[in-house]
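Enquirer: Each residue of the sequence shown is one higher than the one before, counting from 70 in my numbering. For every residue, glycine included, the Cβ atom is placed at its ideal position computed from N, Cα and C.
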Amino acid sequence: MKSLVIVAHGSKREHSNNEVFELMNSLQHKIKDEYPIIESSFLEFASPSIPKAIELCIQQGATQIKVLPYFLSAGKHVHKDIPQEAERAAMNNENISVEVLPHLGSSQMMVELLHKALIPHETTNRTIAN
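1. Just the Cα atoms here: how many angstroms apart are Ser19 and Ser142?
2. For a test of the three-state rule: what should DSSP assign to Pro138, helix, strand or coil?
3. Between the alpha carbons of Gln128 and Ala186, how many angstroms are there, rounded?
4. Using a Cβ distance threshold of 8 Å, determine whether the segment 149-166 contacts the segment 176-184, with at least three qualifying pairs required.
5. Around the C-beta of Pro189, are 16 or more other C-beta atoms found within 10 angstroms, so that it is buried, or is it exposed?
6. Please classify His184 as buried or exposed, where buried requires at least 16 neighbouring CB atoms within 10 angstroms.
7. Check each candidate in Leu137, Ala115 and Ile106 and name the one with the smallest Cα separation from Leu170.
8. Suppose you measure from the CA of Val76 to the CA of Lys145; what does that come to, to the nearest Å?
9. How many angstroms separate the CA atom of Glu103 from the CA atom of Lys81?
10. Among His172, Thr132 and Ser110, which residue has its Cα nearest to the Cα of Asn162?
11. Counting only the same chain and skipping the five closest in sequence on each side, list residues whose C-beta sits under 6 Å from that of Glu168.
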């Protein structure tokens, strides 16, 4: 069974972490046929960790786990930390496939999303005073 783990940075601010859980819940309704199991995880300051989220997926019957870095740019966390954590979890579970997907910011759909987000603001001529 396929599952998805969304990986965010994590924040000391609880509200910011809750936004990731809210995203996960909203996404779950849209992609439940493709990914019946979805978990969120964090690198720092919040729980669950990547290995814990992967373990939660396995406990629910996952055999294929896709890890989505919820990051806009490909820094150290995207290139090093997330793959290392995912690989460590995969080594502990021989019969489980774990794949790290490209980070969110690498998607060409981000350009379209930003464009759509900016269009409503083009009609308002707000100027920020210096």
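Expert: On the basis of the data shown:
1. Residue numbering for the chain in the displayed model covers 70 to 199; residue 19 lies beyond these limits and cannot be assessed.
2. strand
3. 38 Å
4. no
5. exposed
6. exposed
7. Leu137
8. 14 Å
9. 32 Å
10. Thr132
11. Lys135
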